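Below is one structure, written out as structure tokens, with a few remarks after it.
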Amino acid sequence: MSVQGYGHVFSRNPLNRGEVERRDEELINQKSSDQNSLFIVMRDLNLLIDTSSSKLVWLTREELDQKDVNSPSIFLGILDGIYHFAVSVTQDQFPDQQLLKTNPSYRFTDIRTCGELLQSEDSGIAAQARIQMNWHDKYAYCSSCGYKTEMKRGGQVRHCDKCSTDHFPRTDPVIIVVVYDGDKCLLGQSQGRLRSTNTYSALAGFMDQGESIEEAVAREVMEEAGIEVKNVKYHSSQPWPLPYSIMIGCHAEAASTNINMDTEEMTDVKWFTREEVLLALEGKSENLRVPMKIAIAHHLLKDWAYQNI
Ligand SMILES: [Zn+2]
112 MSVQGYGHVF
122 SRNPLNRGEV
132 ERRDEELINQ
142 KSSDQNSLFI
152 VMRDLNLLID
162 TSSSKLVWLT
172 REELDQKDVN
182 SPSIFLGILD
192 GIYHFAVSVT
202 QDQFPDQQLL
212 KTNPSYRFTD
222 IRTCGELLQS
232 EDSGIAAQAR
242 IQMNWHDKYA
252 YCSSCGYKTE
262 MKRGGQVRHC
272 DKCSTDHFPR
282 TDPVIIVVVY
292 DGDKCLLGQS
302 QGRLRSTNTY
312 SALAGFMDQG
322 ESIEEAVARE
332 VMEEAGIEVK
342 NVKYHSSQPW
352 PLPYSIMIGC
362 HAEAASTNIN
372 MDTEEMTDVK
382 WFTREEVLLA
392 LEGKSENLRV
402 PMKIAIAHHL
412 LKDWAYQNI
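In structure tokens form, the structure reads like this:
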């Protein structure tokens with residue numbers, strides 16, 4: 112395990128986020144118009160990527176000026192002395208037809224597909240940019256007084272001039288857990304995406320306020336499956352930019368085995384054998400589909416199935 116942890120998709124951002132530099136408004140303003148700085152562009156929260164190299168497309172200030180892009184730049188960080196930013200663009204500035212003429216492998220791509228296509232480090236930058244851009248779009252007004260807020264510190268703060276409140280980008284913690292009982296593990300199918308693809312995954316849910324990770328795991332498993340747990344162990348975490356979550360991956364031992372499912376949230380909850388899970392991880396099971404490698408659930412299951420926990 113590296114310093115970045117398990118190395119999940121969306122988690123290996125190589126940029127130095129420039130905590131000291133971003134406090135210098137003048138420096139950030141100057142760098143956002145510097146010809147050496149680099150910019151990723153987002154259109155309706157989709158990122159411009161090169162599908163042939165599986166990398167983000169970085170543009171210069173000059174290239175943005177040619178298309179009259181002047182929306183506020185979000186400062187992402189520094190790499191090899193170069194300042195990196197994200198900027199929002201419009202359909203008029205970057206129409207698809209013109210884009211394909213520039214380079215046939217350029218595409219504006221949604222963040223989930225970015226996670227599947229991009230090289231690992233670029234997926235981390237994409238997550239940071241998408242989470243922050245989405246937050247700025249949704250939090251333009253002060254939640255204390257309703258006045259319009261202004262971006263500061265290169266995007267890490269929105270400040271209200273009227274009541275002097277600083278607002279910070281949010282990150283929502285979500286626990287996700289593989290519960291096991293000897294050679295069986297508990298997987299569920301929630302309404303929505305999992306149901307539509309007939310996939311079973313680890314149980315998951317938002318942490319409540321004033322709750323420890325262990326308590327959140329016990330509560331969610333009880334709510335969704337009616338199962339008691341013990342020995343909750345942390346495994347790894349993954350930023351999940353849909354829209355701004357951090358997935359906290361755990362394993363837990365079952366302290367009871369009779370399922371009592373929450374029928375409002377779940378369409379099915381079942382015990383699966385290690386054998387079935389091993390087949391599903393290799394895509395060879397007829398009865399079970401599990402999440403793909405992009406998701407932390409895949410790795411929680413894999414490490415349990417191969418007895419690496
Ligand atoms: Zn205010």
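Throughout the sequence shown, residue numbering follows our numbering, covering 112 to 420 in sequence.
Note that beta-carbon positions come from the ideal geometry of N, C-alpha and C, so glycine has one too.
Every value quoted in this text rests on a predicted model; they were computed, and no experiment measured them.
Assuming residue i and residue j make a contact with CB atoms under 8 Å, what is their CB distance in whole Å?
i    : j    : result
F150 : W169 : 7 Å
P284 : I357 : 5 Å
E376 : E322 : About 18 Å separates the two Cβ atoms, so there is no contact after all.
D294 : T384 : 6 Å
I370 : G337 : 6 Å
T282 : V401 : The Cβ separation is near 26 Å, so there is no contact.
L412 : L392 : 7 Å
Locate the beta strand (DSSP E) running through residue i, then write down its first and last residues.
i    : result
I370 : Per DSSP, I370 belongs to no beta strand (DSSP E) and is neither H nor E.
T220 : 217-220
G299 : 295-301
R264 : Run containing R264: none; DSSP gives neither H nor E here.
H195 : 193-200
L190 : 185-190
Tell me whether the beta-carbon of residue i lies closer than 7 Å to the beta-carbon of residue j.
i    : j    : result
A313 : I287 : yes
W382 : L305 : no
Y355 : I236 : no
R123 : E227 : no
N127 : G188 : yes
P125 : A238 : no
F219 : L159 : yes
I359 : S367 : no
S234 : V120 : yes
D292 : A365 : yes
H278 : R269 : yes
V290 : V343 : no
S301 : S216 : no
Q146 : R172 : yes
With distances taken Cα to Cα, identify the nearest neighbour of residue i among the options.
i    : options                : result
N100 : N124, T201, I139       : Nothing can be reported for residue 100, as the shown portion of the chain is limited to 112 through 420.
I407 : M372, Y345, N398, R218 : Y345
S148 : Y117, I193, S163       : I193
V180 : P352, T310, Q239, D203 : D203
S255 : T276, E261, F196       : T276
Q177 : E331, L167, H195, F205 : F205
Q142 : V380, S164, P183       : It is worth fixing the name first, because residue 142 is Lys in this sequence and not Gln. Closest option to K142, Cα to Cα, is P183.
G303 : V131, T378, N342       : T378
K166 : E173, I222, G129       : I222
K273 : C225, S199, E261       : E261
I405 : Q230, S199, N214, L138 : Q230
Q418 : D373, H362, M372       : H362
C271 : Y252, L390, G265       : Y252
L211 : D161, Y258, E174       : D161
L190 : E137, E132, S216       : E132
C225 : M153, D135, S396, S144 : M153
E174 : T213, E136, D155, Q208 : T213
W415 : D373, N398, E386       : E386
G116 : L399, P350, E397       : P350
D155 : M244, G266, L399       : M244
L399 : I420, G266, G299       : G299
W246 : K259, G266, G257, Y258 : G266
T308 : M403, D319, A329       : M403
I need the boundaries of the alpha helix (DSSP H) containing residue i, first residue and last residue.
i    : result
W415 : 407-416
D207 : 207-213
L390 : 385-392
Q177 : 172-177
For ligand 2, any of its heavy atoms closer than 6 Å to the Cβ of residue i?
i    : result
Y252 : Ligands displayed in this structure: ligand 1; ligand 2 is not among them.
| message | At 4 residues or longer, what runs of the alpha helix (DSSP H) sit wholly inside the segment 308-356? | response | 324-336
| message | My parser needs the alpha helix (DSSP H) runs of 4 or more residues fully inside the segment 222-298; what are they? | response | 222-228, 231-249
| query | Which ranges does the beta strand (DSSP E) cover as unbroken runs of at least 3 residues, wholly within the segment 134-165, from first to last along the chain? | reply | 149-154, 157-161
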